[in-house]
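The next block holds one structure in the form of structure tokens; read it before the comments.
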Amino acid sequence: MNVTESRQALVLGAGLAGAACCATLARRGWTVRLLDAASEAAQGASGLPVGMLSPHVTRSPTPLSRLCALGVADARGQLERLVPQGAGWQPTEVDNLGHDPGRKPAALVRPSALVHAWLAEAQGLGRLQTGWSAEVHRLERRDQRWWALDAEGGVVGDAPVVVVASAYGAHALLEGLFSADPTALPLRPVQGQLSLAALVGEPLALRPVRNNGVFVPSYEDRELPPRWPSRVWAMGSTYERGSQDVTVRSEAHERNAASLEQMHPVAAAHLRQCAARGELQGWAQVRCASLDRVPMVGAVPDQPALLEQMRSAGHRRGRIPLADAPRLPGLFMVSALGSRGLTLAHWCADWLAARMSGEPSTLPEDDLDLERAFDPARFAWKSARRQDA
């Protein structure tokens, strides 16, 4: 995975994952060009008005919960280092009402504050250029470089190394590099809608409450974009698998109200009253998840070469280790963070930047098996085994 000889990279996507990649690469001396189809950063799912950074609780450890345990502490450190309290985040605790009830440490965060902080850090190092309104439709490899092309085939950017960090947009960019088997790149869109309104008077609860969604009784941020009040309450978000519709819908508000009713009936009634008075606002965007809900982070596999390797006489059928799967040179991804972008973006980007730079894995020795869990080749490897069966 070491590509230290180039030290030049294109990063595609200016949300949490892309901005974290820019910062972690720039710290290691890389020159980065960031491309995004929007006119500025954090215009997709990272534009969430307020989200929660908190532990991922499961009945027993899973790859995702173990990654989140590493990511929560890492992300909290980034907030404390780069973002002033009250201008993008505030510490809190959350009352968890699920299968692991209790009060947990947490932080309420506007993700765009972290995005802009990471980009400012990379620019401050003199190692970041940005290209806005740059819509990349496909990637081509020639002359030992990757070329990012627009819909007409014009060159948007080029570099020896590309990191695809464009959430569900990664699917359209990468699917042509795989075989016709869609199971080799099982990225899925997941739409979510947040319900929120201006907080007038005292909040209805002392702290956030989580069960099926998160109720935020109070969030104050002096740098919230003008479309949002500086002091809000919020509930969400919905989780619509397969949907790419970003329309704010009244039925999604009602689903948030129904979830909130199980946690705080008075707050649910207030949500419905605000909706009836036309005071309720909404935010909807699309996140990206993998089939197994674990992120896809690392070098992108060369699936045709992998299938040929498995079929070759020199290998026992299907016995190629996942780590030895052939990779497309200089092509990497950070995707499928799902609803855990705040938790995982920086940790995943830092792990990838370290490996790209020839450094040891940032994983503790006891957790090195997690590299197999989030390897982007894991689905292509299974697909090749099925085709070779």
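Take 68 as the starting number for the sequence shown in my numbering and just add one per residue.
C-beta atoms are modelled at their ideal positions from N, C-alpha and C, and glycine is treated no differently.
Computed from a predicted model, the values in this text were never measured in an experiment.
- With respect to the C-alpha of L175, the residue from Q152, R194, L195 having the closest C-alpha is Q152.
- Comparing alpha-carbon positions, the option among D217, L206, T429 lying closest to E242 turns out to be L206.
- Short of 6 Å from the beta carbon of A342, and not among the five residues preceding or following it, lie these beta carbons of its own chain, in chain order: H320.
- By the CB criterion at 7 Å, P158 and V139 fall outside the cutoff.
- Taken through DSSP and simplified to helix, strand or coil, N278 comes out as strand.
- DSSP, read as helix, strand or coil, puts W97 in coil.
- T410 sits in a helix when the DSSP states are folded into three classes.
- The bridge partners DSSP lists for D225 are W214.
- By the neighbour-count definition (other C-beta atoms within 10 Å, threshold 16), V161 is a buried residue.
- Judged by DSSP in its simplified three-state form, S233 adopts coil rather than helix or strand.
- Per DSSP, R298 is one residue of the beta strand (DSSP E) stretching across 298-303.
- In the three-state scheme derived from DSSP, where H, G and I count as helix and E and B as strand, W199 is classed as coil.
- For V182, the enclosing alpha helix (DSSP H) starts and ends at 178-191.
- The distance from the Cβ of L120 to that of A142 is about 6 Å, consistent with a contact at the 8 Å cut-off.
- Less than 7 Å divides the Cβ of P227 from the Cβ of S73.
- Looking only at R322, D167, R177, the smallest Cα-Cα distance to S127 is reached by D167.
- Our two residues, Q370 and A237, have alpha carbons roughly 16 Å apart in a direct line.
- Of all C-beta pairs linking the segment 183-196 to the segment 80-93, three or more are shorter than 8 Å, placing the two stretches in contact.
- Taking C-alpha positions only, G193 is separated from W97 by approximately 10 Å.
- Secondary structure at A356: strand, using DSSP grouped into helix, strand and coil.
- Taken through DSSP and simplified to helix, strand or coil, F441 comes out as helix.
- Residue environment analysis places A218 among the exposed positions, since fewer than 16 neighbouring C-beta atoms fall within 10 angstroms of its C-beta.
- C415 is not a Cβ neighbour of V361, given a cutoff of 7 Å.
- In the same chain as S297, and ignoring 5 residues on each side of it, the C-beta atoms closer than 7 Å to its own belong to E287, D288, R289, L291, in chain order.
- Of the candidates H337, W350, G80, L398, L398 places its Cα closest to the Cα of P368.
- Assignment of T129 by DSSP, reduced to helix, strand and coil, places it in the coil class.
- Under a 10 Å Cβ-count criterion, T305 is classified as buried, with 16 or more other Cβ atoms of the shown protein chains found around its own Cβ.
- For R148, the secondary structure class from DSSP, reduced to helix, strand or coil, is helix.
- In this chain, the beta strand (DSSP E) harbouring Q157 covers 156-163.
- Non-local beta-carbon contacts of I387 in its own chain, meaning distances under 8 Å to residues more than five positions away in sequence, involve L373, Q376, M377, W448 in chain order.
- The bridge partners DSSP lists for S424 come to none.
- In the pairwise beta carbon analysis, the segment 423-443 is classified as not touching the segment 105-112: fewer than three pairs are separated by under 8 Å.
- C-alpha of V99 to C-alpha of V315: approximately 35 Å in a straight line.
- At least 7 Å separates the beta-carbon of V117 from that of P256.
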